[in-house]
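Working notes, beginning with the structure itself.
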Amino acid sequence: MRLSDREVYAIDDICSHGAVSLSEGDVVGCELECWMHGSRFNLRTGVPSCPPATTRVPVYAVRLVGDTVYVTATPTPCRGASRMTVLEIRDLQVSVATEEGAKEILRGVDLTVRSGETHAIMGPNGSGKSTLAYSVAGHPKYLVTGGSVTLDGQDVLAMSVDERARAGLFLAMQYPVEVPGVTVSNFLRTAKSAIDGQAPKLRTWVKDVRAAMDALKMDPTFAERNVNEGFSGGEKKRHEVLQLELLRPKIALLDETDSGLDVDALRVVSEGVNRAKAANDMGILLITHYTRILRYIEPDYVHVFVDGRIVQQGGPELADELEANGYDRYLAQA
Ligand code: FES
């Protein structure tokens, strides 16, 4: 399947639900739809996203050299198959308390994020994108008035914030808070121990922290500074991604991780996110106002978010359209 110059995928032709040729189906975003009963298969992983198919279709690694496409003879093993995680948000409605009383922000959000998938939520400022991330993470300021959020079938909304973190959710904040008196190294090890239920082995942990900091181009002295105290905007975002790499969540919510970063920092931070995703088959919900970060973190799906709900969805091409035309068309319809 060739979706664009850079995007070529190889997937078995036969649906895992029946003897039906998938190449006769339609491509929707980064998925191939079986024309018989409508199951869709992720072109990267071969994993079905909706019934009736429940089994993965084999996919093959592809390499492009000029116009020539090379495909491996053996299928790619599915790293995440045994621990596929699904975050399901259904008809989520959320209010926030204001001086004028409760104000409805989210007005029925439906979204599913699976392991290995990257979903970009794009929208104008004030559309409720961050509210979505904070509500899923459990910020007490946001009151869920309707709908559901589940992680592998477990009711996320019934969990405390720390239970959500232990279940595999992670929020990279737009404005990370300062924690005076707590060093980065202390914070990271305490968080890792709390999430895993046991302290990491010191020798490997120190090595892992060093390697992750090195990859994020962070000075080693950073580990002994107090969390976010006096950090520059770029340092704060690197610290968020450092946590992401070390804590290894199943699903990461990235709230405007690109804001306030220059091009070099954006690249370093994005590479960190991509490493964390590759190492852990992590699912990503990437909230952003701008398309710039999507050059480094490629989305499988793009959702346009306006006035507290998703008003349009598509593949990466939707981000290109937003880059060219902005949000005006969607704002006019809201
Ligand atoms: S044959 Fe493909 S979904 Fe049933």
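Residue 208 in my numbering is what sits at position 83 of the sequence shown, and the numbering runs on without skipping anything.
Think of the CB as a built atom: it goes at the ideal place given N, C-alpha and C, for glycine as much as any other residue.
Around the C-beta of residue 146, fewer than 16 other C-beta atoms lie within 10 Å, and the residue is accordingly described as exposed.
In summary, residue 349 is exposed, with fewer than 16 beta-carbon neighbours lying within 10 Å of its beta-carbon over all protein chains present. Residue 339 sits exposed, since fewer than 16 C-beta atoms from the chains shown fall within 10 Å of its C-beta. Fully enclosed alpha helix (DSSP H) runs of no fewer than 4 residues are not present anywhere in the region 167-251. Remark: the shortest separation between the CB of residue 178 and any heavy atom of ligand 1 falls under 7 Å.
Taking C-beta atoms as the reference points, residue 159 and residue 168 fail to come closer than 8 Å. Looking at the backbone, the Cα of residue 181 and that of residue 216 are separated by about 28 Å.
Residue 139 is bridged by DSSP to 146.
In the structure shown, residue 285 adopts coil according to DSSP, grouped into three states. Closest in alpha carbon position to residue 421, among 144, 189, 383 and 352, is 383. At least one heavy atom of ligand 1 lies less than 7 Å from the C-beta of residue 143.
Shown here for residue 244: same chain residues with a beta carbon closer than 6 Å to its own, the five before and five after excluded, namely 238, 410 and 426 in chain order. Between residue 376 and residue 407, the C-beta spacing is below 8 Å. The continuous alpha helix (DSSP H) containing residue 312 extends over residues 309-321.
Residue 428: member of the beta strand (DSSP E) spanning 426-431, first to last residue. Annotation: the continuous beta strand (DSSP E) that includes residue 267 extends over 267-276. In the structure shown, residue 302 falls within a coil segment according to DSSP collapsed to helix, strand and coil. In this structure, the alpha-carbon of residue 164 lies about 44 Å from that of residue 335. Around the CB of residue 317, 16 or more other CB atoms lie within 10 Å, so the residue is classed as buried. Ranked by Cα distance from residue 381, the first of 416, 171, 228 and 434 is 416. In the DSSP annotation of this structure, the continuous segment of the alpha helix (DSSP H) that includes residue 359 starts and ends at 358-372. Counting along the chain, residue 261 sits inside the alpha helix (DSSP H) bounded by residues 254-262. Per DSSP, residue 130 lies in no beta strand (DSSP E) segment and is marked neither H nor E.
Rounded to whole angstroms, the Cβ separation of residue 351 and residue 361 is 12 Å, and the two are not in contact under 8 Å. Annotation: the continuous alpha helix (DSSP H) that includes residue 445 extends over 441-450. In the three-state DSSP reduction, residue 396 falls in the helix class (H, G or I). Take the alpha-carbon of residue 152 and the one of residue 439: they are about 11 Å apart.
In terms of side-chain proximity, the C-beta atom of residue 161 is found nearer than 7 Å to a non-hydrogen atom of ligand 1.
Here the C-alpha atom of residue 263 lies approximately 17 Å from the C-alpha atom of residue 229. In the three-state scheme derived from DSSP, where H, G and I count as helix and E and B as strand, residue 409 is classed as strand.
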